[in-house]
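Numbering (my numbering), first residue to last: -6 to 363. C-beta: ideal position from N, C-alpha, C; glycine also. Report on the structure given below.
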């Protein structure tokens, strides 16, 4: 089939200004999604997908006006991304042909924006991918596996943009690593890993090996609160994250262990600030309670001490003698001795002294007489 189509295709390339023709291989019974990128000027124009070797013999398969779909083909237009896509299903060998993405120009010649050669084979295609739609999360990585049996240079290209070849490179500031692999079935593969994804990485890409290409759409979504929390927990439990597998000569893949973008970083700082504030308030409450309890105990001790002193001062240590109290004769004798320093005290006839008291008095008088 390829040899049969080579001559018409060559004539087409010679007589029409075509920059490049893409070659896509699909297995019989399978499906394919083809993206067609157009200029801002064509946003409000009708787009269509046509089939045929020559430009004048290209018959419309499906259009964006009416009808928008057939039994085995459908078309949709995303004016935000300025891309319209065509999906063909239940492909048969008879579907092998040259196809074109075309913009209708009223009152003028329609504008072809892409040329593609589609080959439908009964066996395994020479180049294919596990899935054409891949989803990733902002800040993380995504992997695409391309399987091939042909030969040629291997590249990962952004639609309408640059390509990465060799072992590594960058696309729009995002790291891209290419690695050749093989599995148990001896299938040769090209593993493409895009790391540090950004929202603007959402786009169509082409896995290219030699002359064959396969389109892959990558959608990058924002992290949810659950994903951010899960990643923070994983980072706390495993402070030494595993480095992604890449070629020894590949550029280092940036791994963000401290923040999840500007939003994740601000949230983490806020949580730490709240935690520190709560701990500080708790310590302040404990210290204040301890000071209050100590002060109350000190005040209670001081009041009890003052009360005891007041009670002791109110008691007379020498109460007045009463008639019904019998005192020892030693106390009156001691009082008499104190009065004898100024004058002599005569014994009171009414007082009965003990013999000890009389003897002490006699000795004092004798000493005074001498």
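field: Rounded Cβ spacing between residue 119 and residue 205 (contact assumed at less than 8 Å)
entry: Yes, they are in contact, since the Cβ atoms of residue 119 and residue 205 sit about 6 Å apart, within 8 Å.
- prompt: Does the stretch 141 to 155 touch the stretch 47 to 66, meaning 3 or more C-beta pairs lie closer than 8 Å?
  reply: The stretch 47 to 66 is not in contact with the stretch 141 to 155.
- request: Count the CB pairs spanning the stretch 127 to 144 and the stretch 76 to 86 that are closer than 8 Å, and state whether there are at least three.
  value: In short, these stretches do not touch, since the Cβ pair count stays below three.
message: Taking a contact to mean a Cβ-Cβ separation below 8 Å, would you say residue 169 touches residue 187 in this structure?
response: Yes; because the gap between Cβ atoms is below 8 Å, this pair is in contact.
task: Compare the C-alpha of residue 129 against each of 212, 271, 276, 20 and name the closest.
output: When each option's Cα is compared against that of residue 129, the closest is 212.
field: Distance between residue 180 and residue 158 (C-alpha atoms, nearest Å)
entry: As the crow flies, the alpha-carbon of residue 158 is around 20 Å from that of residue 180.
task: Determine the contact status of residue 71 and residue 57, defining contact as a CB-CB distance below 8 Å.
output: No. Outside cutoff.
- request: Within the same chain, show all residues whose beta-carbon is closer than 6 Å to that of residue 175, passing over the 5 residues directly before and after it, in chain order.
  value: Within the same chain, residue 175 has close Cβ partners 181.
message: Can you look up residue 147 in the DSSP assignment and give me helix, strand or coil?
response: Judged by DSSP in its simplified three-state form, residue 147 adopts strand.
- request: Measure the Cβ-Cβ separation of residue 195 and residue 125 and say whether it is below 8 Å.
  value: Going by C-beta atoms, residue 195 is not nearer than 8 Å to residue 125.
message: To the nearest angstrom, how far is the alpha carbon of residue 86 from that of residue 66?
response: Cα atoms of residue 86 and residue 66: separation of roughly 15 Å, rounded to the nearest angstrom.
Residue 64 versus residue 23 - alpha carbon distance: Whole-angstrom Cα-Cα distance: 14 Å.
- prompt: When we look at the beta-carbon of residue 279 and count the other beta-carbons within 10 Å, is it buried (16 or more) or exposed?
  reply: The residue is exposed, with fewer than 16 neighbouring Cβ atoms inside 10 Å.
query: Who are the near neighbours of residue 312 in its chain, counting only those whose CB is closer than 7 Å to its CB and skipping five residues on each side?
result: The pLDDT assigned to residue 312 is 48, lower than 50, so where the model puts this residue is not dependable; a value taken from the coordinates is nonetheless given after this. For residue 312, where only same-chain residues beyond five positions count, there are no Cβ hits under 7 Å.
Beta-carbon separation (whole angstroms), residue 185 vs residue 171, contact threshold 8 Å: So it is a contact: roughly 6 Å between Cβ atoms.
- prompt: Can you find a C-beta in chain C that's less than 8 Å from the C-beta of residue 73?
  reply: Going by chain labels, chain C is absent from the structure shown, which holds only one protein chain.
field: Residue from 281, 302, 292, 15 with nearest C-alpha to residue 153
entry: Of all alpha-carbon atoms in 281, 302, 292, 15, the one lying nearest the alpha-carbon of residue 153 is that of 15.
task: Just mark residue 149 as buried or exposed, buried being the case when its beta carbon has 16 or more other beta carbons within 10 Å.
output: So residue 149 ends up on the buried side.
message: Tell me whether residue 73, by its Cβ, gets closer than 7 Å to a heavy atom of the ligand GTP.
response: As for the ligand GTP, it is missing from this structure, which has no ligand bound.
task: Could you say which of 117, 110, 41 lies nearest to residue 104 if we only look at CA atoms?
output: Proximity to residue 104 across 117, 110, 41 peaks at 41, based on C-alpha coordinates.
- request: Would you identify the three-state DSSP class for residue 39, choosing helix, strand or coil?
  value: Here residue 39 carries a coil assignment [DSSP, helix/strand/coil].
query: Between residue 28 and residue 35, what straight-line distance do the alpha-carbon atoms span, to the nearest angstrom?
result: Residue 28 and residue 35 have their C-alpha atoms some 15 Å from each other.
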